[in-house]
Every structure is written in C-alpha cells, then in structure tokens.
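Written below as structure tokens is the structure these notes are about.
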Amino acid sequence: MTTDMFESLRLELRRGCLILAVLAELRTEQYGYTLRKTLADHGMAIEEGTLHPLLRRLESQGLLVSRWQEEDKRNKRFYRLSPEGTLTLEQLIAEWRRINSSLDEIL
Amino acid sequence: MELLDRYLQSVKWLLPKEQKEDILAELSEDIRSQIEEKEAELGRRLDESDLEAILQRWGHPMLVAQRYLPQQHLIGPVWFPVYQFVLKMVGLCYLVPWLLTWLFLVIFVPSYRAEHPGLALIGSLESFLLIVVFAFTVITVGFAFAERSKILERWSPRKLPVERDPNRISRSESIGDLVGNLIFVLWWVDVLRLPSVEPLRITLAPIWTTLYWPILLVALAAVAIDAVNTVQPWWTPLRSRLRLGIAAAELALICILLSVRSWVEVLVTSGPSAKIDELAKWINLSIGVTILVIGIVTIVGIVRGIRRLRRPKATLVGVLSA
Chain D
7 MTTDMFESLR LELRRGCLIL AVLAELRTEQ YGYTLRKTLA DHGMAIEEGT
57 LHPLLRRLES QGLLVSRWQE EDKRNKRFYR LSPEGTLTLE QLIAEWRRIN
107 SSLDEIL
Chain P
4 MELLDRYLQS VKWLLPKEQK EDILAELSED IRSQIEEKEA ELGRRLDESD
54 LEAILQRWGH PMLVAQRYLP QQHLIGPVWF PVYQFVLKMV GLCYLVPWLL
104 TWLFLVIFVP SYRAEHPGLA LIGSLESFLL IVVFAFTVIT VGFAFAERSK
154 ILERWSPRKL PVERDPNRIS RSESIGDLVG NLIFVLWWVD VLRLPSVEPL
204 RITLAPIWTT LYWPILLVAL AAVAIDAVNT VQPWWTPLRS RLRLGIAAAE
254 LALICILLSV RSWVEVLVTS GPSAKIDELA KWINLSIGVT ILVIGIVTIV
304 GIVRGIRRLR RPKATLVGVL SA
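First to last, the protein sequences are chains D and P.
With positions in the first sequence counted from 1, the corresponding number in the working numbering is that position plus 6.
With positions in the second sequence counted from 1, the corresponding number in the working numbering is that position plus 3.
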C-alpha cells in the first residue's frame, strides 16, 4: 500500500474519532490553542486550520457554547460542552464502546 | 508581524461576511499564542522565516477560509461521472466529426481554402467554437439543475434500463441497414433510378466505374449479413469476423474514393457556366463530406467489431445457449 493511500485511510479513520475527542476534552472549558495542545498531548494531533472550523460547526449544531474572555490581557474565545452536547457525548461514548468491542471481536 | 497581518488579511477576504471579524480575531489569537510559545522555547523573538514556517503549517489562506464556508459545488460527486461521460460523448460523436469535416475541407477542397485565405481559415472555425461553448454551457447548466433536483430520490428498480446484452443485435437496426443497403444495390445495378431534374444532369466520375464491382460485392455482402442478422439477431464469432472484413473493405473503398477530388460531373443544358461550376463544386463538396462521415461511421464499426471479438469467447457462446 502506498504511503499516500495509507495516509488517506488513516485520516478517514481519525475523522470521526476527532469529534469525539474534541467533545470529551470540552467537558472543561478551553480555548482553541490549549485544546489543540491537549489533544496533541493525548496523541490526537489536529491540523491548525482544521480545529477552529470544527469548533464553529459543533457550536452551530448546538453541541458547544462559547464566549470571549480576557486572559493574560488578551481576548480569547473559550468553548465548552452545552447541555445538549453533554447528552450527545454520552451517546457517542456508548456508541464508540459498542463499535470498539465489535471491532475487537472482528480483529 | 507584517507577514501575519498579510496572512490574516488574505484569509479575511474569503471568510463568510457575517462572521468575518469574529473568526479573524480567534485565528489571530491562536496564531499569536503559537508565536509566543515558540519565542519562549527559542528564547528570542521570531524572525521572518520562523513566522513563515508557522503560517505554512496553517495552510494557504484560501484553504483556511474555505473550511469555514458551507460545502458548495455546481455539480457534485454523484452527478460528476455522468456529466463527464456526456461531455466525452458529445465531444466524440459530434465535435470530433465536425472538426474532421473541417480538416477535410481544408486539406482536400482547394476552393474552400481559396474562400478562406490566411487567418480567415481559422476564422471559419468560429461556428465550431460557438458550438463547443454552447454544448458545454447547456450540458453544465442541465447537470447543475439535476444536482439541485430531487430526481435521484424518485426512483424505482422497475424503471432501471434492461440489462444490455453486448452480443444482441437490434432487429430494427438490422432491418434499417438491410433496407438501406438493398436500395443502394438496386440503384447501383441501375434497377432503381433517381428522377432526373431538368435541366440538371449529374454523371458519376470515372472512379465509380473503376470501383463498380468492388462496391457491388461489398454492398451485396453487407445485404447478406444484414439479412442473417435480422433472422438471427445475435453475434457469432464467424459473423463478427465477416462483418469486420466487410467494414475493412468498405474503409479501403472509402480511402480510394477520398483520394480523388471530384465524384460527379454536373451538366446543365442552360444557364451561365459560372453558376454551373459553383453548383458542381457544392454537390462534390456534399458528396465528399458524406463519404467522410460514412468513413467515420465505418471506423467506429470496426473498433466495435474488434472489441466484440476480443471479448472472452464464453460471452459470445453464452448468448447462443440462452
């Protein structure tokens, strides 16, 4: 398999997992930069230009809420899970565990 | 920070209007945080190449902005392959023959070149270019409309086309070919005569006399194949080979016919000779274009015949046992 093809399959595989990871990380309020660093520290690195549009999309879907807040004399946009997001995250985690155990059996 | 400002300005231009400032403030903040962290790590202010590396990782401004925009396309991935196929078909079946006809006129018809000297020859392609633009626009608009319609949601398996057997011969096509070839043979052996239009008299050029028997034999062979195909409408290896042989003979005759410049002589009992010459020129031109079109159709037939023969044998036999 070529490296390009593997990379494309890997990205496809990660895409859905990233949303789950972002929602899970946002149980605690964070702003974009720290969120990206936390994700990277946990082995879920995300491209610079990808995270913010994803956060906006999740917010427009009602899963996140955000606010501007001053920190270290700079305005930063902080995100956290909305009540609907919390509920969705629980459902997604349950689904993830189901998929994971099915895959474990298959693999 | 000039590079950063330039970068943000380029992203801003493409962002959705209502969120422009908000998105830009957030992006700017994120990049600045990254810069600060890098400066802390290096223990110095970033130079232009450091900043360039950071911005490179963020990606082209157009790419960054595009991620904030709703996905838009004129023709989506579902319709695109069909769109591409239709464009290719129109190109192959209409535009290529058009272009070949034009090339034929340019190469073989001196009067056409005389009427379009120099750059005017390229100018004579104007209508072709208009047809290209028109065909492309109509097809694109049609597919853009289909993309936005709910046509794919209203479907039933019953309405899907019947599976096409590549070895089945359309009976109506065979009958059409048979009738056409029969009429030609009858005319060729002088049983059928076209009504004469006085004072016009058209006589065939000597090339037709030279090729009288080969043309008759090829036409009779085609009549025989068409007759068998009408009764037994499927291709067998033998008939496929015979049809291919006939098509090859047809092509050879067409090449010989195209090697001359005049196929008929026109005689008019009265009228100015300049007009008679003009008339003869246009009649010959029409015959030349017709022979060329028949040649193209024959080549297509040969290609199809070769592909039919190259198919695995089981496919040909399968029809016979069905």
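Ideal Cβ placement from N, Cα and C applies to all residues, glycine included.
Just so it is clear, the structure is predicted and the values come from calculations on it, not from any experiment.
Next item on the list: Mind reading off the beta-carbon distance from Tyr85/D to Ser72/D? Whole number of angstroms is fine, and I expect it under 8 Å.
Entry: 5 Å
Note to self: In the DSSP assignment, the beta strand (DSSP E) including Tyr97/P goes from what residue to what residue?
What the structure shows: Counting along the chain, Tyr97/P falls outside any beta strand (DSSP E), and DSSP gives it neither H nor E.
Note to self: Taking a contact to mean a Cβ-Cβ separation below 8 Å, would you say Trp61/P touches Gly55/D in this structure?
What the structure shows: yes
Notebook entry, point to check: Roughly how many angstroms lie between the CA atoms of Glu77/D and Glu42/P, to the nearest whole one?
Noted result: 19 Å
Notebook entry, point to check: Going by Cα to Cα distance, which pick from Trp82/P, Arg244/P and Val194/P is closest to Ala147/P?
Noted result: Trp82/P
Note to self: Spatial neighbours of Gly308/P within its chain, please: C-beta separation below 8 Å, excluding the five flanking residues on both sides.
What the structure shows: If we look at Gly308/P and ignore the five residues flanking it on each side, its Cβ neighbours are Ser243, Arg246, Leu247 and Ala250.
Item checked: Residues, ordered as in the chain, of the stretch 15 to 30 of chain D that lie near chain P by beta-carbon distance below 9 Å -> none
Notebook entry, point to check: In its own chain, which residues sit with a C-beta less than 8 Å from the C-beta of Ile305/P, not counting the 5 before and 5 after it?
Noted result: Taking C-beta separations shorter than 8 Å and ignoring five residues to either side along the sequence, the partners of Ile305/P in its chain run Leu247, Ala250, Ala251 and Leu254, following chain order.
Item checked: Coil, strand or helix - Tyr71/P by DSSP -> Note: Tyr71/P maps to coil in three-state DSSP.
Notebook entry, point to check: In terms of alpha-carbon separation, which member of Leu214/P, Leu220/P, Glu129/P and Ile205/P lies closest to Ser262/P?
Noted result: Leu214/P
Margin query: I want to verify the contact list: residues of chain D whose CB lies under 9 Å from the CB of Leu49/P, in sequence order.
Written below: By Cβ distance, chain D contributes nothing, its closest Cβ being about 16 Å from Leu49/P, past 9 Å.
Next item on the list: Report the rounded CA-to-CA distance for Leu72/P versus Phe131/P, giving the unit in angstroms.
Entry: 39 Å
Notebook entry, point to check: Using a beta-carbon distance below 8 Å, is Pro59/D in contact with chain P?
Noted result: yes
Next item on the list: Helix, strand or coil for Thr293/P, going by three-state DSSP, please let me know.
Entry: helix
Checklist line | Interface partners of Gly38/D on chain P, CB under 9 Å | finding: Glu29, Leu30, Glu32, Asp33 and Ser36
Check: Just curious, the beta strand (DSSP E) that Thr34/D is in, first and last residue?
Finding: In the DSSP annotation of this structure, Thr34/D is not part of any beta strand (DSSP E), being labelled neither H nor E.
Margin query: Determine whether the beta carbon atoms of Ile257/P and Ile297/P lie at a separation below 8 Å.
Written below: yes
Note to self: Please identify the residue among Ser88/D, Gly68/D, Leu57/D and Arg62/D whose C-alpha is closest to the C-alpha of Gln22/P.
What the structure shows: Of the candidates Ser88/D, Gly68/D, Leu57/D and Arg62/D, the residue whose Cα lies closest to the Cα of Gln22/P is Arg62/D.
Notebook entry, point to check: Looking at C-beta atoms only, is the number of pairs between the stretch 102 to 114 of chain P and the stretch 283 to 293 of chain P that lie closer than 8 Å three or more?
Noted result: Result yes; three or more Cβ-Cβ pairs closer than 8 Å.
Next item on the list: Round the Cβ separation of Ile279/P and Thr233/P to the nearest angstrom and send it over; I've been treating them as touching at under 8 Å.
Entry: Rounded, the Cβ-Cβ distance is 43 Å, inconsistent with contact.
Checklist line | DSSP bridge partner residues for Arg81/D (one or two, in chain order) | finding: Arg is not the amino acid found at residue 81/D; the sequence shown has Asn there. In DSSP, Asn81/D forms a bridge with Glu76/D.
Notebook entry, point to check: Does the count of Cβ pairs from the stretch 41 to 48 of chain D and the stretch 11 to 21 of chain P closer than 8 Å reach three?
Noted result: no
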